[in-house]
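Counting from 1, position 60 in the sequence shown corresponds to residue 60 in full-length UniProt numbering; the numbering is continuous, with no gaps. The C-beta atom is built at its ideal place from N, Cα and C for all residues, glycine as well.
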Amino acid sequence: MAITSVHIWILVAAVVALFAAYSMGLFGKNHMPVDGKTVLLTGASEGMGLAVAEMLAAKGANLILVSRSAGKLEEALLKVKAAAKHPKTQRFHYITADVSVRDYSGPLIAEVIAWNGGSAPDVVWCMAGKCEPGLFVETPFSSLRDHMDLNFYGTAELSHTILSEWLAPDAPVTEQPKHLVLTSSVVAFYTVAGYGSYAPAKCGIRALADTISQEMLLYPQKVDVHVVYPGTIDSPGFKRENELKPEITLLLEKDDPVQSAEEVASRAIAGLERGDYFITVSWLGHLMKWGVMSGSLRNNWVVDTVMAIVTTLAWIIVQPIILGTVRKYAREHGHPSTYKKRDA
């Protein structure tokens with residue numbers, strides 16, 4: 001039988017319907033119920049972190065919020081308490097900590113366990129981070145180290161500490177898994193000019209997750225690892241970031257979708273409840289993920305495989321456009337050392 005355009009459109013419609021059903025959580029159970037569970041959130045005083053905290057409070061979670069600013073945490077805690085599903089029984093706490101400082105996580109987890117009646121938290125979600133864009137050569141190298149300390153090592157150290165608790169030889173083996181949620185960025189899939197200090201740390205988080213997700217299979221205790229890949233979030237951090245971005249970065253990103261912190265939080269939580277490993281929260285994030293999944297775990301083999309083929313073909317068109325934009329900018333503006341500095 002000859003394949004016609006009708007058959008092709010039927011196949012496309014079937015894939016779209018499958019993806020839509022999967023995205024809406026129509027398949028299976030809630031893989032990360034939090035009602036009555038204890039959840040530790042870093043970077044929880046504003047933006048995506050605060051939105052996540054409020055939504056998990058509304059689902060019945062007991063929460064520990066972590067950030068550097070006690071003032072912001074106190075304000076955040078009021079909002080989180082107001083969103084509680086069970087106001088009389090849910091428990092909330094905050095701890096001030098700088099996740100970029102070496103050896104911060106041991107005392108943090110010890111305090112969390114003490115507050116939680118001697119038990120480790122059920123979910124740890126690392127969201128603390130920053131982005132200070134700039135052209136790589138035109139930016140002090142110390143910027144790269146600062147981004148690695150906060151965005152990568154801050155996440156990696158807390159991951160190591162909590163996994164050591166969850167996976168200790170005498171740690172309980174429970175039917176429901178613990179959850180370690182790492183927050184990367186879509187720049188881990190494909191980055192653009194201006195993110196030389198930021199992108200390496202976010203790529204490192206993906207590599208770390210791919211490694212430890214395999215290693216979790218070696219232990220009797222159950223731990224699910226997840227990575228959330230937000231794109232552009234309309235938040236205080238985004239406003240600070242835009243004050244520093246080189247013009248070429250703004251030009252390359254001008255058509256990217258901008259999402260509210262609440263939308264990103266809601267879609268990220270939905271992905272966790274589906275049991276996804278890689279969680280993207282916008283159409284652009286989905287496409288970027290499908291284009292570079294390589295040997296990473298799949299959320300759904302059918303959807304991810306078909307869309308990886310489609311996205312790979314799309315890069316034939318997209319990549320020349322991006323590189324052409326950069327080359328044109330270079331011709332028009334000369335050597336980067338002459339560019340006007342964007343100071344915060």
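Measuring straight from C-alpha to C-alpha, what distance separates residue i and residue j?
| i | j | result |
| --- | --- | --- |
| G43 | A330 | 37 Å |
| L108 | I95 | 8 Å |
| P121 | E243 | 37 Å |
| Q319 | L252 | 12 Å |
| V66 | T211 | 26 Å |
| F141 | N300 | 40 Å |
| V258 | A171 | 42 Å |
| Q221 | S159 | 15 Å |
| V281 | M293 | 16 Å |
| E111 | A128 | 18 Å |
| N116 | A83 | 20 Å |
| I317 | H286 | 17 Å |
| A272 | H335 | Going by the sequence as given, residue 272 is Leu instead of Ala. So the alpha carbons of these two residues sit roughly 45 Å apart. |
| K81 | L63 | 10 Å |
| Q90 | P177 | 21 Å |
| V181 | A70 | 24 Å |
| L208 | Y277 | 13 Å |
| G28 | K85 | 24 Å |
| G49 | W125 | 9 Å |
| P200 | T183 | 14 Å |
| L284 | T232 | 10 Å |
| I113 | M148 | 27 Å |
| G295 | K289 | 12 Å |
| R327 | W166 | 50 Å |
| K202 | Y195 | 10 Å |
| T312 | K239 | 32 Å |
Where does residue i land, buried or exposed, given buried means 16+ other C-beta within 10 angstroms?
| i | result |
| --- | --- |
| V137 | exposed |
| L323 | exposed |
| V99 | buried |
| D304 | buried |
| V310 | exposed |
| T174 | exposed |
| S197 | buried |
| R206 | buried |
| T155 | buried |
| P87 | exposed |
| H333 | exposed |
| E247 | exposed |
| L163 | buried |
| A76 | buried |
| I321 | exposed |
| S337 | exposed |
| L41 | buried |
| I279 | buried |
What distance in whole Å lies between the Cβ atoms of residue j and residue i, which are believed to be in contact at a cut-off of 8 Å?
| i | j | result |
| --- | --- | --- |
| M55 | S266 | 6 Å |
| V225 | M216 | 6 Å |
| residue 353 | T139 | Outside the shown range of the chain, which is 1 to 344, sits residue 353, and nothing can be said about it. |
| G47 | P169 | About 38 Å; that fails the 8 Å criterion. |
| G291 | A268 | At roughly 20 Å, the Cβ-Cβ gap does not stay under 8 Å, so G291 and A268 are not in contact. |
| K37 | A61 | 6 Å |
Taking a contact to mean a Cβ-Cβ separation below 9 Å, would you say residue i touches residue j in this structure?
| i | j | result |
| --- | --- | --- |
| S119 | T161 | no |
| D35 | K72 | no |
| Y153 | A188 | no |
| E262 | A51 | yes |
| Y339 | L135 | yes |
| R298 | H31 | no |
| V186 | V123 | no |
| E132 | D146 | yes |
Which residue marks the beginning of the alpha helix (DSSP H) containing residue i, and which one marks its end?
| i | result |
| --- | --- |
| L313 | 301–333 |
| Q259 | It is not in any alpha helix (DSSP H) - Q259 instead sits in the beta strand (DSSP E) that spans 258–260. |
| S213 | 199–215 |
Let's see if you can read the secondary structure: which residues bound the beta strand (DSSP E) around residue i?
| i | result |
| --- | --- |
| H179 | 178–183 |
| H226 | 223–229 |
| D234 | 232–234 |
| V123 | 123–126 |
| H93 | 92–96 |
| T161 | From DSSP, T161 is part of no beta strand (DSSP E) but of the alpha helix (DSSP H) over 154–166. |
Does residue i have its Cβ less than 9 Å from a Cβ in chain B?
| i | result |
| --- | --- |
| V225 | Of the chains in the structure shown, none is chain B; there is only one protein chain. |
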